[in-house]
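Residue numbers (UniProt numbering): 1 to 380.
Even for Gly, the Cβ is constructed at its ideal location relative to N, Cα and C.
Computed from a predicted structure; not experimentally measured.
Below: the structure, in structure tokens.
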């Protein structure tokens, strides 16, 4: 493959630079389009214009297309340009806010200063929309504190599970100091802002981070354990997962891509940890001998691996036991408990229970599915 000479960004139009930088954010917690989504505390979906400030980067992350020294089309937007573009979309009701990330502009401090400039420009012009800033590893605490004054959400990506793995894929940064310390500071700032009188009317997003799945050889057991640790230690609400896809002219270009289904299964396990009260130990039984997930719904697999637990009586079961049933989520479990006694499957369906999944695992008015294993595909 022949290297392509990078285009001169001075010869690119604003629209061309916007396209390049929006596409670049597919490597940062979002899909490849100009709009991504956040969710408020009430579950409302918030549409955000997403962009990098620049895809020129001093970092040498081994999986990243924007790594230092790699030939590619380079582009950047000034704080004034990002502010103007955001207002343009916002006034047309195309978005409700901004997701702003960046390549590292020399160092984390200078990058955060530029990101903060965007947020201050918007707020100074009366912008009341949602602002999510993805800061760089090593961002100084004083800048995080100033960003917290303007942004609804901010945070740093962990990318992997340990110092050793991180040094392999992000050699410019230190996992403990540049990432974990920032996760702790972010947690503390979020809690502080939520308690302040003046922030009652502003959405303050929860702590989050991202993992690149498959760039190094960490197992799903390691990832799930790290997610649980981050939830307990840093009050992580949602981890994001990005499947590794090898990029030409990077050190990992010849590595195998990570299958998309692995990313999906990790999301499902993260929901079980956060929303269902399960632990990493509980999920160990759904991993193979090498500590990796199978391409099966982990909740269904857990239920199938514990046949003695089922069927459960929906009219007497605890919330904890209801949540073990495939097809019953936290909202459904709450509705069941509030509405008991329940006399029919139609009532359960109206509560959001997916009966096609739940039926083999429940008992209702003395009736139960006669053959559990014919539905789960697991032998007795």
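In or out: residue i buried (at least 16 other Cβ within 10 Å) or exposed?
{"i": "residue 326", "result": "buried"}
{"i": "residue 460", "result": "Residue 460 lies beyond the range of the chain shown here (1 to 380); nothing can be said about it."}
{"i": "residue 22", "result": "buried"}
{"i": "residue 4", "result": "Note that residue 4 scores a pLDDT of 44, beneath 50, so its modelled location is shaky; the value from the coordinates is reported in the next line. So residue 4 counts as exposed."}
{"i": "residue 232", "result": "exposed"}
{"i": "residue 61", "result": "buried"}
{"i": "residue 248", "result": "exposed"}
{"i": "residue 195", "result": "exposed"}
{"i": "residue 324", "result": "buried"}
{"i": "residue 66", "result": "buried"}
{"i": "residue 166", "result": "buried"}
{"i": "residue 374", "result": "Because the pLDDT at residue 374 is just 43, under 50, the model does not fix this residue reliably, and the point stays unresolved."}
Determine whether the beta carbon atoms of residue i and residue j lie at a separation below 8 Å.
{"i": "residue 147", "j": "residue 119", "result": "yes"}
{"i": "residue 368", "j": "residue 311", "result": "yes"}
{"i": "residue 219", "j": "residue 290", "result": "yes"}
{"i": "residue 56", "j": "residue 77", "result": "no"}
{"i": "residue 279", "j": "residue 228", "result": "yes"}
{"i": "residue 212", "j": "residue 63", "result": "yes"}
{"i": "residue 59", "j": "residue 172", "result": "yes"}
{"i": "residue 122", "j": "residue 161", "result": "no"}
{"i": "residue 75", "j": "residue 12", "result": "yes"}
{"i": "residue 159", "j": "residue 210", "result": "yes"}
{"i": "residue 129", "j": "residue 90", "result": "yes"}
{"i": "residue 286", "j": "residue 301", "result": "yes"}
{"i": "residue 86", "j": "residue 142", "result": "no"}
{"i": "residue 275", "j": "residue 330", "result": "yes"}
{"i": "residue 315", "j": "residue 341", "result": "yes"}
{"i": "residue 215", "j": "residue 169", "result": "yes"}
{"i": "residue 182", "j": "residue 137", "result": "yes"}
Per DSSP, what kind of secondary structure is residue i in: helix, strand or coil?
{"i": "residue 66", "result": "coil"}
{"i": "residue 363", "result": "strand"}
{"i": "residue 130", "result": "strand"}
{"i": "residue 194", "result": "helix"}
{"i": "residue 293", "result": "strand"}
{"i": "residue 31", "result": "Legend: pLDDT at residue 31 = 42, less than 50; position of this residue unreliable, value from coordinates given subsequently. The answer is coil: DSSP assigns residue 31 none of H, G, I, E or B."}
{"i": "residue 314", "result": "coil"}
{"i": "residue 327", "result": "coil"}
{"i": "residue 212", "result": "strand"}
{"i": "residue 218", "result": "coil"}
{"i": "residue 85", "result": "helix"}
{"i": "residue 140", "result": "coil"}
{"i": "residue 230", "result": "helix"}
{"i": "residue 166", "result": "helix"}
{"i": "residue 389", "result": "In this structure the chain extends from 1 to 380, so residue 389 is not present and cannot be described."}
{"i": "residue 235", "result": "coil"}
Note down the Cα distance separating residue i from residue j, rounded to an integer number of angstroms.
{"i": "residue 151", "j": "residue 145", "result": "10 Å"}
{"i": "residue 345", "j": "residue 364", "result": "8 Å"}
{"i": "residue 230", "j": "residue 111", "result": "25 Å"}
{"i": "residue 351", "j": "residue 175", "result": "44 Å"}
{"i": "residue 187", "j": "residue 235", "result": "7 Å"}
{"i": "residue 117", "j": "residue 104", "result": "15 Å"}
{"i": "residue 332", "j": "residue 347", "result": "11 Å"}
{"i": "residue 19", "j": "residue 277", "result": "41 Å"}
{"i": "residue 80", "j": "residue 17", "result": "14 Å"}
{"i": "residue 260", "j": "residue 184", "result": "30 Å"}
{"i": "residue 255", "j": "residue 53", "result": "29 Å"}
{"i": "residue 1", "j": "residue 257", "result": "Unreliable positioning characterises residue 1 in this predicted model, as indicated by a pLDDT of 42, which lies under 50. A coordinate reading is not provided."}
{"i": "residue 192", "j": "residue 95", "result": "28 Å"}
{"i": "residue 366", "j": "residue 307", "result": "18 Å"}
{"i": "residue 317", "j": "residue 328", "result": "12 Å"}
{"i": "residue 139", "j": "residue 46", "result": "26 Å"}
{"i": "residue 29", "j": "residue 157", "result": "A caution first: residue 29 carries a pLDDT of 48, below 50, which makes its placement in the model too unreliable to give a value."}
{"i": "residue 106", "j": "residue 163", "result": "23 Å"}
{"i": "residue 149", "j": "residue 88", "result": "23 Å"}
{"i": "residue 126", "j": "residue 262", "result": "43 Å"}
{"i": "residue 113", "j": "residue 237", "result": "26 Å"}
{"i": "residue 335", "j": "residue 362", "result": "16 Å"}
Worksheet item: Contact between the region 92-103 and the region 130-147: three or more CB pairs below 8 Å?
Response: By the Cβ rule, the region 92-103 counts as touching the region 130-147, because three or more pairs are nearer than 8 Å.
Discussion item. Using 8 Å as the cut-off, can you tell me whether the region 279-297 makes contact with the region 241-250, which would need three or more C-beta pairs spanning the two stretches below that distance?
Written reply: Output reads no: the region 241-250 does not touch the region 279-297.
Practice prompt. Answer yes if the region 263-273 comes into contact with the region 218-231, meaning at least three C-beta pairs across the two stretches below 8 Å, and no otherwise.
Written response: Contact between the region 218-231 and the region 263-273 is present, with at least three C-beta pairs closer than 8 Å.
Discussion item. If contact is defined by three or more beta carbon pairs under 8 Å, each pair taking one atom from either stretch, is the region 202-212 in contact with the region 153-173?
Written reply: Flag = yes, the region 153-173 and the region 202-212 touch.
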